[in-house]
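Asks: Residue numbers (the UniProt record's numbering): 1 to 646. Even glycine gets a Cβ: it sits at the ideal position worked out from N, Cα and C. Input: one structure, supplied below.
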Ligand code: WT7
């Protein structure tokens, strides 16, 4: 974030206390902050989750590893599905599924979800999936995606969901890292009326992942896809019972692995973030209930993220289902077939709670309020934001044009690693300020430290967390050393999130973005090094450096500086070829918005690329200190090329 933006944030004086009527009916009140941390998590552990065997010890903290609810036995799918049916809620809607093609809809009750999960679990069981078998899931936003995750959880098989926009290489890397034996995918996915060839990409990935011995393919578009005899199985062709009694919910230990979610760090290799069973479930269910003020009998909750990211895992699947909520699940994009699609959905289902990202809000802002204006949004009572800092303009637009000036907004800060929201307003308690995520959630302690590791009571610095919380990651899969060095070495004794933050005079937190070599594009985390590696993988590229620059819609956009080999000349064709190469290696989300061809990159005398300088060039900022630069003429040359770039 630029200094200018930070100044604007500091000048922000608007205050939005909770509307009295909202506060009066809220699930939690101000006294929640007074509850001792152990008592809070102990009580939520008992109240929000059903146990086959109760836990004994609340938390064992052996930094940097925490264990929670020790000695307990439970099953996540039982908690998310079966127990609700047993409690007589079988007719309650779990998901209103809205396909991308208009009119393609499905109402999935908890009773139906239970049968669907049982059937998928039986199919997986026939393929030898059981407790501990690693399963990869590569799908779009179809009902079978949560069903596949829950079927794995039912069997005790850990899963990794790979976002459907990722490439074959990204998929095979993840499957190999986790040791996946089975892959669940679909023929194709709909996207803006076009078809995304998931199965074909999965075939390419399986060719590079010899450990994957079987795949299950769900039919979605009906498009023709190659099937490998003996390895690939059409889901609808496998005969399997959907009677839940035929496939019991495996009793799992509190600390058994539930899933891995891969995320980008500061090296080229994504990290497999480990989440386990009990602490994760208690964490997401508690936060979902308190922050979204969930009234399961009457709310229609919609988190408009993709299940392929942590937001979807925690707040489309596990949190809401554990709380017996009714959710919307939408397959498509916000502008297909038209820019009012979201508002049509809100009106159709009477959505009460909408949770989305600033980048989406800014896209709607750009399209204009008339699209929302054509629909009745009066069912909405609460709005949420996640994924990146929300700028006050976007906050105010959301408040006025979507929330009708009556809905509290919860700006929720968290990460793949934290598993659950950690810094957020409570909608019936907190006075909000546009752009501030306000306070740590009850039972969570956050702080801001300066460069020397000293506590900052008021002012800016590095965001850290001081004690364990139930859903915190249990590490990076197979890489203890990297876990320690990434999060725990910078400030010994604290979890370092990688974000800058400020604390204001009221003790409210203002998040300022990443302080490491990680970009945030449309709320997705992408490492500069990962994109650089994809670029230098191209045979004509000698060297590449990548950085983010601010973008009015996507938050950050990727800028690449590329030096071509030998006598290769820059051209528009070359530019397109490189952008597509990155999309092929990583996924379309990692495509550079801009590529600047340069005969040389700015380096220090010791040969390190000066990224700070590249960021200044990308942002058109006055250049900072260049005295350590080996060849100063490179920079003026670069600024000129950046200005001319297409
Ligand atoms: C990074 C984590 C967990 C949700 C989706 C992203 C940024 C997330 C906020 C917010 C300011 C935010 C941080 C964080 N971030 N939410 N409300 N305000 N920044 O998950 O891919 O693990 O990325 O997203 O920089 O470190 P993720």
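Which residues are close to the ligand WT7, meaning CB closer than 7 Å to any heavy atom, in chain order?
Replies: This selection yields 263, 309, 310, 311, 385, 386, 387, 388, 389, 390, 411, 412, 413, 414, 415, 416, 417, 437, 497, 498, 499, 511, 513, 514, 520, 523, 524, 525.
Asks: According to DSSP, is residue 68 part of a helix, a strand, or is it coil?
Replies: Reduced to three states, the DSSP call for residue 68 is strand.
Asks: Could you have a look at residue 25 and say whether DSSP puts it in helix, strand or coil?
Replies: DSSP places residue 25 in helix when its eight states are reduced to three.
Asks: Grab the span of the alpha helix (DSSP H) containing residue 614 for me, first residue to last.
Replies: 611–618 is the span of the alpha helix (DSSP H), which, as asked, contains residue 614.
Asks: Helix, strand or coil: which one does DSSP assign to residue 126?
Replies: Residue state, collapsed to three classes: helix.
Asks: Would you say residue 149 and residue 330 are within 8 Å of each other, going by their C-beta atoms?
Replies: It is not a contact, given that the beta carbons lie outside the stated cut-off.
Asks: Going along the chain, which unbroken runs of the beta strand (DSSP E) with 3 or more residues stay wholly within the region 264–310?
Replies: Runs found: 271–276, 301–303.
Asks: Rounded to the nearest angstrom, what separates residue 3 and residue 501 at their Cα positions?
Replies: For residue 3, the predicted model reports a pLDDT of 49, less than 50, meaning its position is unreliable; a value from the coordinates is still stated below. Roughly 13 Å separates the two Cα atoms.
Asks: Could you check if residue 362 is buried or exposed, using at least 16 other CB atoms within 10 Å of its CB as the buried criterion?
Replies: Classification of residue 362: buried, given that the 10 Å Cβ count is 16 or more.
Asks: From residue 416 to residue 567, what does the alpha carbon distance come to, in whole angstroms?
Replies: Residue 416 and residue 567: Cα-Cα distance of roughly 43 Å.
Asks: Pick from 607, 135, 590, 50: whose alpha carbon is nearest that of residue 257?
Replies: Of 607, 135, 590, 50, the residue nearest in Cα terms is 135.
Asks: Only counting runs of 3 or more residues, tell me where the beta strand (DSSP E) segments fall wholly within the region 372–428, in order along the chain.
Replies: If we require 3 residues or more, the beta strand (DSSP E) runs fully inside the region 372–428 come out as 382–386, 409–412.
Asks: Is residue 549 buried or exposed, if buried means 16 or more other CB atoms sit within 10 Å of its CB?
Replies: Flag for residue 549 reads buried.
Asks: Nearer than 7 Å: is that true of the beta carbon of residue 32 relative to any heavy atom of the ligand ADP?
Replies: For the structure depicted, the ligand ADP is absent and the ligand set comprises only the ligand WT7.
Asks: Determine contact between the region 507–520 and the region 92–110, defined as no fewer than three beta-carbon pairs at a distance below 8 Å.
Replies: These segments do not touch.
Asks: Run through the region 135–162 for me and flag every whole beta strand (DSSP E) of 3 or more residues, listed as ranges in chain order.
Replies: Within the region 135–162, the complete beta strand (DSSP E) runs of at least 3 residues are 135–138, 159–161.
Asks: Where residue 121 and residue 154 are concerned, what is the direct C-alpha to C-alpha distance, given to the nearest angstrom?
Replies: Using only the alpha carbons, I get a separation of about 7 Å.
Asks: Let me know the secondary structure DSSP gives residue 538 once reduced to three states.
Replies: It is coil, neither helix nor strand.
Asks: Using the Cα positions of residue 97 and residue 43, report the straight-line distance between them to the nearest angstrom.
Replies: Distance between the alpha carbons of residue 97 and residue 43 is about 33 Å.
Asks: Looking at the structure shown, is residue 515 part of a helix, part of a strand, or coil, going by DSSP?
Replies: In this structure, residue 515 counts as coil in the three-state DSSP scheme.
Asks: I'd like the list of long-range same chain contacts for residue 95, defined as Cβ closer than 6 Å, with 5 residues on each side in sequence excluded.
Replies: Result list for residue 95: 108, 327, 329, in chain order.
Asks: May I have the straight-line CA-CA distance separating residue 268 from residue 70, to the nearest angstrom?
Replies: Going by the C-alpha atoms only, they are around 35 Å apart.
Asks: Compute the Euclidean distance between the alpha carbons of residue 16 and residue 382, then round it to the nearest angstrom.
Replies: Approximately 13 Å between the Cα atoms of the pair.
Asks: Starting from residue 170, follow its DSSP beta bridges and name the residues at the other end.
Replies: Per DSSP, none; premise fails for residue 170.
Asks: By the 10 Å Cβ neighbour count, where 16 or more other Cβ atoms means buried, how is residue 52 classified, buried or exposed?
Replies: With fewer than 16 Cβ atoms within 10 Å of its Cβ, residue 52 is classed as exposed.
Asks: Which of the three DSSP states is assigned to residue 249 in this structure?
Replies: Residue 249: coil per DSSP, three-state reduction.
Asks: Please list the terminal residues of the continuous alpha helix (DSSP H) segment that includes residue 317.
Replies: Residue 317 -> no alpha helix (DSSP H), and no H or E assigned at all.
Asks: Taking the alpha carbon of residue 160 as the reference point, which residue from 79, 438, 272 has its own alpha carbon closest?
Replies: It is 272.
Asks: Please report the straight-line C-alpha distance between residue 1 and residue 545, rounded to a whole angstrom.
Replies: Residue confidence is low: residue 1 scores 44 on pLDDT, short of 50, so the model does not pin down where it sits. No coordinate-derived value is stated.
Asks: Going by beta carbon distance, what residues of the same chain come within less than 6 Å of residue 477, once the five residues before and after it are set aside?
Replies: Here the set comprises 260, 272, 274.
Asks: I'd like to check one pair, residue 442 with residue 12: are the Cβ atoms closer than 8 Å?
Replies: No, these two residues do not count as a Cβ contact at 8 Å.
Asks: In whole angstroms, give me the CA-to-CA distance for residue 379 and residue 565.
Replies: Approximately 58 Å between the Cα atoms of the pair.
Asks: Go to residue 233, then tell me how far its beta strand (DSSP E) extends in each direction, as first and last residue.
Replies: Start and end: 232–234.
Asks: Out of 203, 338, 222, state which residue places its alpha-carbon closest to the alpha-carbon of residue 229.
Replies: Selected option, being the one with the closest Cα: 203.
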